[in-house]
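In the numbering used here, the protein residues as written are 2 to 236. Even glycine gets a Cβ: it sits at the ideal position worked out from N, Cα and C. Below is one structure; the comments refer to it alone.
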DNA sequence: GTTATCGGGAAAACAC
DNA sequence: AGTGTTTTCCCGATAA
C-alpha cells in the first residue's frame, strides 16, 4: 500500500472520528448546513480562467530541481477579488482526541482558499500551480481567525503567521513566491489536501461551518460585522 | 524618510 | 522526556 493510501485511510479515519463527534457535539446539533454545490461552483467561477500556457506558474514542479527557497516570480495569472457575503467561517478550536492530528497552518490556508467567505483575505493566484496570495486589506483578519482557531492566548497577526509560513520553506510545504503576499503550495501537499477536501467537503466541512455559526453567535469572533466592506480590494 | 513586507535567529509554548 | 510545530519577539534588509 502506498503512502498516499495510508494518508487517505488516515483521513477517512479522522473523518469518521469527526462524524462520531458530531452526534454529541453541541456545536453541531443545530442548523446543520455546509457547502452547497452552488457555493462550491460559485467560488470556482471566481478563479481567473486562464489557459495553462498563459500561466506557467512561478515554479515548475515537474522539473527535477531542488526546492527553491524563493521562487522567482514570473507571470502569475491575474488576481481577481470578488465580493462575497462579508463574514468568515471559523472552524472549531482544536480538540484533542485519539488519532486526531493537530490542524496545521497550511491545511487551514488550503481550507480558507476553498471557502468563499474568506475570499476577501486569501485567494488563489493560479490554482494550477498552487499559488495563492493574501489580500493586503484583510490579511490580518484571516490571521486573527487562525489564531482564534488555534486558541492562542495572544492575537495572531499576519506578521506572525507569515513567520510560520516561512518555516515551511525549510520543510517544503509552502514556499514564498517573489511577489508581494504570494506563496505557493508544494504540489504533493495540494494533492493530499485535495483528496482530503473531496471527502471533508461532504462530511467534515459541516463541522466547522456549523461551528462558526455557533461561534459568531457568541460574539467571540465577530467578523461578520467587521467585514462589511464591499469594496473590491486589490493586493 | 516612511511604510509595508520579507527573512530569519532564538527561545518559549504547546501538542502528540 | 523527546520531538515536531508553531508562536512570539526581535532586528535588519529591501522595495515602493
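Which residue spans inside the segment 128–212 form an unbroken alpha helix (DSSP H) run of at least 4? For the segment 128–212, whole alpha helix (DSSP H) runs of length 4 or above, ordered along the chain, are 140–151, 159–172, 188–201.
Hey, would you say residue 139 sits closer than 7 angstroms to residue 127, going by beta carbons? Their beta carbons are not under 7 angstroms apart, which means residue 139 does not touch residue 127 by this criterion.
- Inter-residue spacing [alpha-carbon to alpha-carbon] between residue 137 and residue 182: Roughly 7 angstroms between the two C-alpha positions.
Next on the checklist: Comparing C-alpha positions only, which one of 161, 190, 180, 195 sits nearest to residue 173?
Outcome noted: Of the candidates 161, 190, 180, 195, the residue whose Cα lies closest to the Cα of residue 173 is 190.
Identify which residue in 150, 158, 163, 117 has its Cα closest to the Cα of residue 141. Out of 150, 158, 163, 117, the CA that lies nearest to the CA of residue 141 is found in 158.
message = Could you give the first and the last residue of the continuous alpha helix (DSSP H) run that contains residue 113?
response = Here the alpha helix (DSSP H) through residue 113 covers 106–114.
* Asked: Buried or exposed: which applies to residue 132, given that a residue is buried once 16 or more other Cβ atoms fall within 10 Å of its Cβ?
  -> It counts as buried.
Notebook entry, point to check: For residue 145, which option in 162, 167, 111 has the closest C-alpha, if you only look at C-alpha atoms?
Noted result: Per the Cα distances, 162.
Exercise for review: Could you tell me how far apart the beta carbons of residue 166 and residue 106 are, in whole angstroms, since I believe they sit closer than 8 angstroms?
Suggested key: The pair is a contact, with the Cβ atoms about 7 angstroms apart (cut-off 8 angstroms).
Review point. Would you call residue 1 buried or exposed, if buried means 16 or more other Cβ atoms sit within 10 Å of its Cβ?
Key: Outside the shown range of the chain (2 to 236) lies residue 1, about which nothing can therefore be said.
Can you grab the Cα-Cα spacing for the pair residue 207 / residue 178, in whole Å?
Note that residue 207 scores a pLDDT of 39, beneath 50, so its modelled location is shaky; the value from the coordinates is reported in the next line. Distance between the alpha carbons of residue 207 and residue 178: 32 angstroms.
Nearest-angstrom Cα separation, counted from residue 153 out to residue 97: A caution first: residue 97 carries a pLDDT of 39, below 50, which makes its placement in the model too unreliable to give a value.
Roughly how many whole angstroms lie between the Cα atoms of residue 194 and residue 113? When rounded, the distance between both Cα atoms is 12 angstroms.
Next on the checklist: Here's the rule I'm using: 16 or more other beta-carbon atoms within 10 Å means buried, otherwise exposed. How should residue 156 be labelled?
Outcome noted: Burial call: exposed.
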